Amino acid sequence: MVVVALKTEEEKQQEFLARIEAGEKIEADDWMPEEYRIALIKLISMHGISEIMGALPEKEWVPKAPSLRRKLGIMSKVQDEMGHGQLLLRVAEDLLKPYGKNRGDLMQDLFNEDLKFHNVFHMETNTWADAGLIGWLVDGAAIITQTNMLGASYGPYARALQRICAEEVFHAQHGESIILALAEGTPEQRAMIQESLNGWWESLLMFFGPASSQTTGASKQDVTIKYRIRTKTNEQLRQDFFDKYIPRILSLGLTIPDPTLRYNDEEKRWEYAQPDWNEFKKIIRNEGPRSQARLNLRRTSYEYNAWVRDALSAVIR
Amino acid sequence: MGRETTFYQEFEVFSKRTPTASFQHQFSLLAPNKEMALIMAQENFMRREPVVDIWIVNRKDIRGLEGEEKLILGRLNNKDYRETKGYGYLKKKWRHYEQQMFDEKEILSWAGDKK
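Heads up: the protein sequence lines correspond to chains A and B, in order. Using this note's numbering, you'd call the opening residue of the first sequence number 125 and step up by one each time. Using this note's numbering, you'd call the opening residue of the second sequence number 686 and step up by one each time.
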């Protein structure tokens with residue numbers, strides 16, 4: 125007689141946490157608590173859709189880039205971002221299987237505004253310096269958050285991030301190259317970067333999200349830390365960003381538009397003026413400066429390109 | 686959703702960087718058939734790295750191990766007769782005959798012309 129000892133949910137949960145704590149990687153077919161699956165789906169589908177939504181403001185700069193080399197550079201970056209979206213949506217889809225959902229449903233969720241895209245991609249880009257600053261500092265901020273998850277407990281996400289971060293190195297250098305060319309250019313060009321930094325500083329602070337869930341009433345940070353998807357809090361990541369980027373920004377002779385900014389030597393952290401978190405709340409409700417325009421662009425291109433999906437899936441009789 | 690779930694298939698992509706390298710798993714993608722999968726594999730995963738060959742494998746053709754099946758991979762720790770560490774004492778013996786031990790490093794260095 126074969127005795128099959130069925131494990132209780134409680135035992136499975138304990139074993140699961142023990143595996144994570146031992147540094148093991150969870151794979152798509154492994155048993156996982158629903159809370160873990162849902163946290164991953166929310167995080168990764170938002171990350172994937174944000175890569176695609178982030179490519180939209182960037183692609184506007186392909187025709188406007190000042191030289192052929194710059195056009196090629198930014199074009200390959202846009203292609204990479206779409207590629208990152210592809211990788212991440214694949215990871216999200218495997219997690220969504222028990223719910224019978226796929227990437228088409230995620231796209232609909234975006235259109236219905238149930239699925240949000242990253243707050244930084246709701247902002248406007250006005251000049252070529254903005255395009256450079258995005259590559260330099262927004263991608264810099266993204267590298268800080270993404271490298272923090274390279275050791276994520278979910279194997280497929282960690283592997284996707286490994287590929288993504290390797291390409292982000294090129295993105296960061298692409299942005300630096302644009303900014304350094306402007307920084308070493310005419311007084312007008314230097315003024316253009318300063319203006320761009322003034323406009324984007326708050327967005328760069330908001331990029332990492334509020335320090336605690338009290339600001340918006342909800343935050344993914346606690347559950348993602350509990351399950352070892354990430355290790356640092358929003359505030360720790362923001363401080364890491366300051367540590368790495370403030371000296372570089374200042375080295376170019378730029379002024380950070382926050383007169384209260386200072387390094388507290390005793391507490392080993394930066395003191396800074398909080399961005400307007402009410403504005404942040406509006407942005408994450410899709411009421412930011414370019415939220416609806418970007419969503420509409422995505423909606424239009426999804427409809428416009430429907431024939432490609434139809435042609436691909438046409439049954440040949 | 687019906688057509689999408691039946692039409693798109695999941696493919697795993699493998700590639701090798703050099704003629705002598707082994708195939709390495711890259712990632713998965715969705716495509717309606719192997720030919721499209723091949724094109725998309727190149728676009729998605731091989732934009733920069735050198736690549737000399739690509740394999741596309743439909744996920745439904747892969748037999749993997751699930752959950753507790755992985756327990757069959759456990760090994761008993763009593764098989765040193767299969768490994769060089771079970772023969773480490775030979776080093777001392779050969780020294781007695783004033784000879785060097787032919788270890789893995791030494792034997793694998795015999796490839797190519799005699800120096």
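C-beta: ideal position from N, C-alpha, C; glycine also. Small disclaimer: the values here were computed from a predicted structure and weren't measured.
Ser-713/B: contacting residues in chain A (beta-carbon distance under 7 Å): Arg-214
Buried or exposed (CB count within 10 angstroms, at least 16 for buried), Arg-748/B: exposed
Short-range partners of chain B found in the stretch 285-310 of chain A, where Cβ spacing is below 9 Å: Arg-287, Ala-290, Glu-291, Phe-294
Thr-738/B - containing beta strand (DSSP E), residue span: According to the sequence provided, residue 738/B is Asp. The question's Thr does not apply to it. 738-743 is the extent of the beta strand (DSSP E) around Asp-738/B.
8 Å Cβ cutoff, Asp-400/A in contact with chain B: no
Ile-792/B classed as buried or exposed, judged by whether at least 16 other C-beta atoms fall within 10 angstroms: exposed
Near the ligand COA: Ser-794/B beta-carbon under 7 Å from a heavy atom: Absence of the ligand COA is noted for the structure shown, with no ligands found whatsoever.
Distance between Asn-388/A and Gly-323/A (C-alpha atoms, nearest Å): 25 Å
Chain B within 8 Å of Gln-318/A, Cβ atoms only: no
Neighbour-count burial assignment, Val-244/A, 16 or more Cβ in a 10 Å radius: buried
Where Gln-694/B sits in the DSSP three-state scheme: strand
Touch test, the stretch 328-345 of chain A against the stretch 305-320 of chain A, Cβ-Cβ under 8 Å, three pairs minimum: no
DSSP three-state assignment for Leu-192/A, whether helix, strand or coil: helix
Proximal residues of chain A, C-beta to C-beta of Gly-752/B below 9 Å: Asp-153, Asp-154, Trp-155
Proximal residues of chain B, C-beta to C-beta of Gln-210/A below 8 Å: Leu-714, Asn-729
9 Å Cβ cut-off: residues of chain B touching Gly-120/A: One cannot answer for residue 120/A here, as it falls past the ends of chain A, which runs 125 to 441.
Host alpha helix (DSSP H) of Leu-328/A (start-end): 311-330
Lys-790/B versus Asp-798/B - alpha carbon distance: 16 Å
Min CB distance Leu-230/A to chain B below 8 Å: no
Leu-196/A at chain B interface by Cβ criterion, 8 Å: no
Beta-carbon proximity check, Phe-241/A vs Ile-173/A, cutoff 8 Å: yes
Residues that Pro-735/B contacts on chain A, provided the C-beta gap is smaller than 9 Å: Under the 9 Å cutoff, chain A gives no residues; its nearest Cβ is about 14 Å from Pro-735/B.
His-242/A, DSSP secondary structure in three states: coil
Three-state secondary structure (DSSP) of Phe-699/B: strand
Short CB-CB distance (under 8 Å) between Leu-436/A and chain B: yes
Cβ-based neighbour list, Arg-362/A, same chain, cut-off 6 Å, excluding 5 preceding and 5 following: Phe-332
Buried or exposed (CB count within 10 angstroms, at least 16 for buried), Trp-260/A: buried
C-alpha gap between Lys-764/B and Gly-771/B, whole angstroms: 8 Å
Collapsed DSSP secondary structure at Ala-716/B in the structure displayed: strand
Sequence-distant residues of its chain with Cβ nearer than 8 Å to Thr-769/B (five each side left out): Asp-788, Glu-789
Cβ contact (3+ pairs, closer than 8 Å) linking the stretch 291-303 of chain A and the stretch 198-208 of chain A: yes
Residues near Met-231/A in its chain [Cβ-Cβ closer than 7 Å; skip 5 each side]: Tyr-426
Cβ-based neighbour list, His-298/A, same chain, cut-off 7 Å, excluding 5 preceding and 5 following: Gly-197, Lys-201, Gly-259
Trp-431/A - DSSP class collapsed to helix/strand/coil: helix
Buried or exposed (CB count within 10 angstroms, at least 16 for buried), Pro-735/B: exposed
Sufficient close CB pairs (3 or more, under 8 Å) joining the stretch 173-185 of chain A to the stretch 143-161 of chain A: no
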